[in-house]
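Structure record follows, encoded as structure tokens.
4 protein chains.
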Amino acid sequence: MTPTKSPVPLDNQLPQLGRKRDHSRDPEILAVALDILAETGYDGMTMDMVACRAKAGKGTLYRRWSSKDELLIDAVAFMKKDDLDLTKLSDTGTLRGDLVAMIKVGPTGEGEKKLKVMAGLMSMLSRRPELADAVNAAVVGPRVEAHLVLLQRAVERGEISASCDLRLLSLVLPSMAAYRVLVLRTSVDRTFLISLIDNVLMPAVGIPSAPR
Amino acid sequence: MTPTKSPVPLDNQLPQLGRKRDHSRDPEILAVALDILAETGYDGMTMDMVACRAKAGKGTLYRRWSSKDELLIDAVAFMKKDDLDLTKLSDTGTLRGDLVAMIKVGPTGEGEKKLKVMAGLMSMLSRRPELADAVNAAVVGPRVEAHLVLLQRAVERGEISASCDLRLLSLVLPSMAAYRVLVLRTSVDRTFLISLIDNVLMPAVGIPSAPR
Amino acid sequence: MTPTKSPVPLDNQLPQLGRKRDHSRDPEILAVALDILAETGYDGMTMDMVACRAKAGKGTLYRRWSSKDELLIDAVAFMKKDDLDLTKLSDTGTLRGDLVAMIKVGPTGEGEKKLKVMAGLMSMLSRRPELADAVNAAVVGPRVEAHLVLLQRAVERGEISASCDLRLLSLVLPSMAAYRVLVLRTSVDRTFLISLIDNVLMPAVGIPSAPR
Amino acid sequence: MTPTKSPVPLDNQLPQLGRKRDHSRDPEILAVALDILAETGYDGMTMDMVACRAKAGKGTLYRRWSSKDELLIDAVAFMKKDDLDLTKLSDTGTLRGDLVAMIKVGPTGEGEKKLKVMAGLMSMLSRRPELADAVNAAVVGPRVEAHLVLLQRAVERGEISASCDLRLLSLVLPSMAAYRVLVLRTSVDRTFLISLIDNVLMPAVGIPSAPR
DNA sequence: CGATAAACGAGACGGTACGTCGCGTCTTCTG
DNA sequence: CAGAAGACGCGACGTACCGTCTCGTTTATCG
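Set out below in structure tokens:
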């Protein structure tokens, strides 16, 4: 998952002979990989393509990632970095308001590319468990976490009962959206998400859906 | 999705020259493909393997399916055939009872092989949209349909409000289970499903979860 | 070499049920085979091509010839039919005159196609001994025989010594021409043949080459 | 003299990037190809066989030779290397003696394998003109050259007339032997060659054959 | 004259070699 | 010595051809 270490990672500070590995190029390589992944999918992306477009040698790729899959796992993790910020979730005063507010930063707002990467990666979710983890950590997980925060806030606010299974409820929207994208390949638009909030989530937490 | 058609599939009845394709062998070939898929996964399965074990020539395979992927798409669709029977869903008198009764015939009860096939196929969901459709039609879709039947039954029974978005609600369990299997790779056991029923679905349709 | 016999070629006259084989089409098929052979060579010619262009089914071909090679052996033998006529060799009064007179009906005059067929068949001379025989019988052999006739006439005429090895000498021109065509792929033109006659054959039979 | 290192490689002098092809393995591969060719003939030899026995990948073979035929063309050319040495032709004092002396190093003495290769290759002579050239260069041509040397020696010696067409005469034995091997498939034994020398070649150069 | 059995055109079939391409490794040369 | 370039061993892919088999149809002979 992390770049392969130098063959001799000694703790005592040796003078570090020879040229140092140029890790500044890692992000560039990962970005190239994500681009190609979004364009062509898992199989369409070849290591030669990545090497060529990143002006790198295949040896360099394999020195840092032991396989194509490892490279992608890292690439997906890399994609995560500019994502939701849990500390900046808007607080509208109501659970529904908070959930609706999050939609802007949801998949739709986030950008087409991330979804295409997701789609391109579905190929591998089962073959490479770590890759599924990476996808989860990069794409779905953060939304689950955000929803959990919003739900906890609602409990604290007294808006919903503390007996609700928040962990489970926080999974509802993200997983249904994922299913829609991955299996049904339908776009996850604002309408669908609002419908989910009003017809599934809000009733499930015991708040009668007002504006039907 | 369907076997490749004859080069000129005219509507006016041509005399059907030449030897006919022996479509009676299709199921056998697809079964072999599913077996190997379950055993070795997508990459491990080769067309030569399928041809050899099915006592067929590669030419025959490629005459019927234009690629390995097309073959698998059909194989998954073929897997669907011995699945849930919508006409035989048990009727326990309550929605919750019906839902719980369906669990036995859920993925867990259905059999190890179908899950392995699913896992072996995840590799392909995005590369081949038709494959995603096939997976949906074979595995998730039937359960969605079954849930829809149960929900409609509950509406007729007066158990839940007619204003509920049944279409959406019928997606909840299957899609959350799929997410759990595909992305989280957690087993979808009875406990999880019952928890979903009691903490998400029943509240969402307005039935207070009784046995907490 | 000959078409495959009926599966039950009994001597006792059975009633001969069913439709008879239509051997009137054999020449047409063989001609098509020769055409394709001349156009594309041995490998380029496929049985499907022959069947298609001859408006025949592959079954019909294989009912008559047990393999592609057998078909070609017959085709070459068929090519032989309009060739040299040993009874009509012109008699000019001298061996040299007779030999030169034969050139007109030699490979050059015979036609481009026969040479191309020869070339197309070289592929097979060693793989299929019968084919080499057929080639010899159809193309080279007749010329050897014709030369032998001319040489014997010269002996009778008292032009050359009876102690000459006529069998061997009759091989000289045909085999050197064959080598030129098959291995060197040089055209066998009148000049070359006359040169052979004057510089090799005539001296070899003891007639000093007059017009040098 | 210090080699000047130009940072900008000239167009005509590319810096030769990447790993170089290991041409030291070419002979090994060609030898393997010849072995299999001698064992199984053209059709029996497969590229996978060659790759496997030479411990090479098919990609390597096709990187160096664009097809099976190209590989064989090179293989035959490679076979040529340990053949007749024109500088070591024995000088017996007479043309007949020289010619007879050469027989030992003729095809018979040369070895079984070369003949088998020739036989295995006949399949290809016309399909691949270059192959015919290679065969000529490797097998027949050297003998033609050797005969030319012997004939020239005889001219210098005053044994035969300078007006003889040496080029043509040097073709006689090799081409008649080739015809015998390729088309008639008769062995080219010492008896036949001596007969040719005494009954065709010697008379043709104006030397009465002494021992009839 | 109708039944029957083989031959026919068309083309699917099992099998097998071909030539291509991708992965992950190894080698060569440059900075 | 790291890195770019690319050859290498391996093995699956999809194509094409051979010789066989199966359709439905046509045609010659027999009852």
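Protein chains in written order, with the working numbering: chain A, 835 to 1046; chain B, 835 to 1046; chain C, 835 to 1046; chain D, 835 to 1046. Each residue gets a CB set at the ideal place from its N, CA and C atoms; glycine is no exception.
Let me see if you follow: with CB-CB separation under 8 Å, is D/Ser-900 close to chain C or not? no
Short check: CB of B/Met-881 to CB of B/Leu-895, under 8 Å? yes
Tell me where the alpha helix (DSSP H) around D/His-981 begins and ends. Segment 975-990, the alpha helix (DSSP H) holding D/His-981.
Run down chain B in chain order and give the residues with a C-beta less than 7 Å from the C-beta of A/Val-1034. One finds Leu-1002, Leu-1003, Val-1006 and Ala-1038 in chain B with Cβ atoms closer than 7 Å to the Cβ of A/Val-1034, taken in chain order.
For A/Ile-994 versus A/Ile-1041, is the C-beta distance shorter than 8 Å? yes
Is it buried or exposed for D/Cys-998, if we count other Cβ within 10 angstroms and need 16 for buried? buried
Could you confirm whether any beta carbon from chain C is found closer than 8 Å to the beta carbon of D/Ser-1021? Judged by the 8 Å Cβ criterion, D/Ser-1021 is not in contact with chain C.
Closest by CA to C/Ala-968, which one among C/Arg-853, C/Ile-937, C/Ile-863 and C/Leu-906? Answer by Cα proximity: C/Leu-906.
Classify B/Gly-878 as helix, strand or coil using the three-state DSSP reduction. DSSP places B/Gly-878 in helix when its eight states are reduced to three.
Taking the CB atoms as reference points, tell me whether B/Val-1006 and A/Val-1039 lie closer together than 8 Å. no
Cβ separation of A/Ser-858 and B/Ser-1009, assumed to be a contact under 8 Å, to the nearest whole Å: Rounded, the Cβ-Cβ distance is 42 Å, inconsistent with contact.
Work out the CA separation of B/Ala-872 and B/Ala-1012 for me, nearest whole Å. 18 Å
Best match in B/Asn-1033, B/Arg-1014 and B/Glu-990 for proximity to A/Gly-975 [C-alpha to C-alpha]: B/Arg-1014
Please report how far the alpha carbon of A/Leu-965 lies from the alpha carbon of A/Asp-877, in whole angstroms. 15 Å
In its own chain, which residues sit with a C-beta less than 6 Å from the C-beta of C/Ser-924, not counting the 5 before and 5 after it? Ala-935
Just the chain D side, please: which residues come within less than 9 Å of C/Met-881 by C-beta, in chain order? Within chain D, no residue comes near C/Met-881; the closest Cβ sits about 16 Å away, beyond 9 Å.
For the alpha helix (DSSP H) holding C/Asp-908, just list the boundary residues, first then last. 902-914
With DSSP run on the structure shown, which of helix, strand or coil describes D/Gly-931? Residue state, collapsed to three classes: helix.
Name the chain A residues whose beta carbon is nearer than 7 Å to that of B/Met-913? Ordered by position in chain A, no residue passes the 7 Å Cβ test against B/Met-913, which lies about 15 Å from the chain.
Below 8 Å on C-beta distance, what does B/Ser-1029 contact in chain A? Asp-999 and Leu-1002
Let me confirm a value: B/Pro-861 is counted as buried when at least 16 other C-beta atoms fall within 10 Å, else exposed. Which label applies? exposed
By DSSP, does D/Lys-922 sit in helix, in strand, or in coil? helix
Sub-8 Å separation of C/Asp-932 and C/Arg-987 beta-carbons: yes
8 Å Cβ cutoff, A/Tyr-1013 in contact with chain B: yes
Output the boundary residues of the alpha helix (DSSP H) element that contains A/Val-1028. Sequence inspection shows Ile at residue 1028 of chain A; the Val mentioned does not correspond to that position. Here the alpha helix (DSSP H) through A/Ile-1028 covers 1024-1030.
How is the alpha helix (DSSP H) around C/Ala-971 delimited, first residue to last? Per DSSP, C/Ala-971 belongs to no alpha helix (DSSP H) and is neither H nor E.
Distance check for A/Arg-887 and A/Leu-1027, CA to CA, integer angstroms please. A direct Cα-to-Cα measurement between A/Leu-1027 and A/Arg-887 gives close to 38 Å.
With 8 Å as the threshold, decide whether the Cβ of C/Met-936 is near any Cβ in chain D. no
Do you know whose CA, among B/His-981, B/Met-879, B/Asn-970 and B/Leu-985, lies nearest B/Val-910's CA? B/Asn-970
Of all Cβ atoms in chain B, is any one closer than 8 Å to the Cβ of A/Ala-872? no
Proximal chain C residues relative to D/Val-974, where beta-carbon distance stays under 8 Å: Tyr-1013 and Val-1017
Does the beta-carbon of B/Leu-851 have 16 or more other beta-carbons within 10 angstroms, so that it is buried, or is it exposed? exposed
For a cutoff of 8 Å on Cβ pairs, would you count C/Ala-971 as touching chain D? no
C/Val-1006 - containing alpha helix (DSSP H), residue span: 1000-1013
Using a Cβ cut-off of 7 Å, pull out every chain B residue sitting near A/Ala-966, in sequence order please. Val-1017 and Arg-1019
With a threshold of 16 other CB atoms inside 10 Å of the CB of B/Ser-1004, please say whether the residue is buried or exposed. buried
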